[in-house]
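One structure below.
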Amino acid sequence: MMLPYLPYAVAAWVFLWGLYGIVTSKNLVHQVVCVAILQTSTYVLLLAIGYKLGGTAPVFADIPVGTTVVDPLVQALMLTDIVVEAAVMALLLSMVVKANELAGTVDPEELRFLMG
Amino acid sequence: MRLLQWVILLLVAGVAPAVVLSRDPKSQVVTLSFYGLICALMFFIFQAPDVALSQITIGAVMLPLMIMLALTKMRRQNLRREREGKK
Amino acid sequence: MSSRTRTVFFLCSAAALAFVFAWGIRDLPPLGDYRGPYGNAVTQVAVYERHATDVVNAINYDYRAFDTLGEEFIFFASVLGVLLLFRPAGEEDKDGKRETKSEDTLPISDTLRVSMQAMVGIMIVFGVYIATHGQLTPGGGFQGGVILASAPLVVYLSGNVKTFEAIVSSPLVKLAECGGAAGYAAIGTAALLFGAHFLTNIVPLGTTGDLFSSGTIAVISAVVGMEIAGGFVLLMQSYLREIIEERLKREQ
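Chains as they are written, first to last, in this note's numbering: chain A, 11 to 126; chain B, 17 to 103; chain C, 40 to 291.
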């Protein structure tokens with residue numbers, strides 16, 4: 011049955027597509043978005059690791075404490091991951107804007123030499 | 017439940033190449049926002065509501081916003097450069 | 040190496056990488072077969088030990104609070120980096136000419152303006168609600184902070200550039216961001232003053248399900264919300280600074 015291994019396959023698929031986007035990109039902003047796609051593949055992987063069959067969300071506000079829940083630790087890791095993604099994207103985008111200001115272009119092919 | 021998980025995983029696997037293959041950043045912003053929403057849906061289906069909230073706010077709102085702001089700033093820089101190049 | 044060569048080289052390497060992934064996936068436990076001991080242990084004790092019903096936030100702000108401290112400082116450093124990169128250079132617009140013609144900006148329709156202005160209050164209340172109820176329901180400081188930071192953006196989108204400028208250049212924004220980052224470290228250090236380890240939960244825990252329960256989790260959640268909201272508002276301001284100045288000049 012394929013479903014037990016489908017999330018891992020989806021994570022690998024998204025990772026490879028993100029890499030493809032970075033390698034064949036002609037625009038720095040497009041490249042930055044492909045880095046974000048790469049990061050989402052790790053969320054799929056972490057989600058699949060923590061999932062428990064028949065488990066529900068790890069919030070005990072309205073369910074008794076003993077019920078089966080999925081792993082909360084992996085979700086805490088994913089929260090940190092999303093915050094780090096936001097921080098990294100902000101900095102990467104500001105660097106792209108600065109590169110455009112100094113070099114006049116956002117094509118990585120034309121930005122090959124250092125302008126320092 | 018298993019059908020839903022199948023469907024959402026295949027949807028994620030289908031939308032990610034669409035984001036990568038939209039080469040123009042202006043159209044990639046829209047696909048990225050949609051991808052963020054689909055990922056948040058996947059987090060809900062796999063019983064992770066905290067992470068889904070985070071993903072909606074960051075991946076579907078803040079990240080496309082920052083990209084659009086960066087594109088606007090770059091457009092202004094290009095316009096100014098053209099103006100000074102013409103003088 | 041030309042672009043075509045690079046693509047071909049990448050495709051060969053990607054095929055090898057895909058093979059390695061497939062080989063590795065075979066040994067992973069199938070979906071739903073959760074074996075780890077830590078998740079089971081935490082869900083049994085978290086509600087009793089910390090009086091918090093949201094176990095994910097209890098882990099984030101109490102059991103693994105040190106990691107969250109690092110994550111908040113990553114965000115703080117990144118906002119600092121963006122502000123440094125976009126510092127006003129001092130030599131823009133010396134001639135006072137406008138960058139874009141006034142036909143470039145779209146006129147704001149009345150529907151947009153009214154609906155955006157109606158939403159601002161709701162967004163602020165909702166953001167504060169999510170940020171302060173982190174220990175009870177899904178949410179917490181980070182999500183609430185981002186929702187709060189969208190409120191000034193909605194003000195800008197409704198055309199009120201003057202109000203947006205007044206909001207983002209108020210010193211409260213910088214105070215919120217720095218206060219959030221410093222407050223997190225201060226809460227941790229306060230535990231040291233009582234003889235416990237750094238970031239121990241020393242505030243009285245209260246009853247499960249109340250708003251003022253779970254000790255420092257609620258306080259840290261609120262503080263993190265402040266920092267994230269301040270950080271995102273500062274980010275928006277540094278991107279939009281020139282556009283705001285020009286629109287304000289044009290409106291005068």
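Note that the Cβ used here is the ideal one computed from N, Cα and C, for glycine as well.
- Task: Indicate the three-state DSSP secondary structure (helix, strand or coil) for residue 103 of chain B in the structure shown.
- Result: If DSSP states are grouped into helix, strand and coil, residue 103 of chain B belongs with coil.
- Just reading off the alpha helix (DSSP H) that residue 63 of chain B is part of, what are its end residues? No alpha helix (DSSP H) contains residue 63 of chain B, which DSSP labels as neither H nor E.
- Name the chain C residues that come within less than 9 angstroms of residue 118 of chain A, Cβ to Cβ? Residue 118 of chain A does not reach chain C, its nearest Cβ partner there being about 10 angstroms away, counting only Cβ pairs nearer than 9 angstroms.
- Task: Check whether the stretch 248-268 of chain C touches the stretch 76-91 of chain C, counting contact only when three or more Cβ pairs, one atom from each stretch, lie closer than 8 angstroms.
- Result: Touching, yes.
- Where the alpha helix (DSSP H) containing residue 108 of chain A begins and where it ends: Its alpha helix (DSSP H) spans residues 82-113.
- Query: Using 8 angstroms as the threshold, is the stretch 264-277 of chain C in touch with the stretch 202-222 of chain C, meaning 3 or more CB pairs across them?
  - Reply: Yes, the stretch 264-277 of chain C touches the stretch 202-222 of chain C.
- residue 23 of chain B versus chain A: which residues are under 8 angstroms apart at the beta carbon? Here the premise fails: no neighbours, minimum Cβ distance about 11 angstroms.
- Task: With a 10 Å radius around its C-beta and 16 neighbouring C-beta atoms as the bar for buried, classify residue 225 of chain C as buried or exposed.
- Result: Exposed, because fewer than 16 other Cβ atoms sit within 10 Å of the Cβ of residue 225 of chain C.
- Query: Closer than 8 angstroms, CB to CB, is residue 86 of chain B near chain A or not?
  - Reply: The Cβ of residue 86 of chain B sits closer than 8 angstroms to at least one Cβ of chain A.
- Item | Where residue 141 of chain C falls, given that 16 or more other Cβ within 10 Å makes a residue buried | The predicted model places residue 141 of chain C with a pLDDT of 48, which falls under 50 and marks its position as unreliable; any figure quoted below should be read in that light. Residue environment analysis places residue 141 of chain C among the exposed positions, since fewer than 16 neighbouring C-beta atoms fall within 10 angstroms of its C-beta.
- Message: Suppose only complete runs of 3+ residues qualify. What are the beta strand (DSSP E) ranges in the stretch 80-120 of chain C, listed by chain order?
- Response: List check, beta strand (DSSP E) in window: nothing returned.
- Query: Using DSSP with H/G/I as helix, E/B as strand and the rest coil, what is residue 69 of chain A?
  - Reply: Strand at residue 69 of chain A.
- Determine the DSSP secondary structure at residue 89 of chain B, reduced to helix, strand or coil. Helix, per DSSP.
- Message: Please state the DSSP three-state secondary structure of residue 116 of chain A.
- Response: In this structure, residue 116 of chain A counts as coil in the three-state DSSP scheme.
- Residue from A:85, A:120, A:116 with nearest C-alpha to residue 142 of chain A: For chain A, the structure presents residues 11 to 126; residue 142 of chain A sits outside this window and is missing.
- Query: Per DSSP, which one or two residues make a beta bridge with residue 193 of chain C?
  - Reply: None; residue 193 of chain C has no bridge partner.
- Query: Which residues in chain A sit within 7 angstroms of residue 97 of chain B, going by Cβ to Cβ distance?
  - Reply: Against chain A, a Cβ distance below 7 angstroms from residue 97 of chain B picks out 114.
- Query: What residues in the stretch 90-110 of chain A bring their beta carbon closer than 8 angstroms to a beta carbon of chain B?
  - Reply: Flagged, chain order: 92, 93, 95, 96, 99, 100, 103, 104, 106, 107, 110.
- Would a check of beta-carbon distances place residue 29 of chain B closer than 8 angstroms to chain C? False, the Cβ-Cβ gap to chain C never drops below 8 angstroms.
- Item | Which of helix, strand or coil DSSP assigns to residue 71 of chain C | Secondary structure of residue 71 of chain C (DSSP, three-state): strand.
- Determine the chain C residues that contact residue 77 of chain B at a beta-carbon separation under 7 angstroms, and present them in chain order. Chain-ordered, the chain C residues with CB closer than 7 angstroms to the CB of residue 77 of chain B read 189.
- Message: So residue 284 of chain C contacts chain B; which residues on that side make the cut at Cβ distance below 9 angstroms?
- Response: Near residue 284 of chain C there are no residues of chain B at all, since even the closest Cβ is about 12 angstroms away, more than 9 angstroms.
- Message: For residue 133 of chain C and residue 118 of chain C, I'd like the C-alpha separation in whole angstroms.
- Response: Residue confidence is low: residue 133 of chain C scores 48 on pLDDT, short of 50, so the model does not pin down where it sits. No coordinate-derived value is stated.
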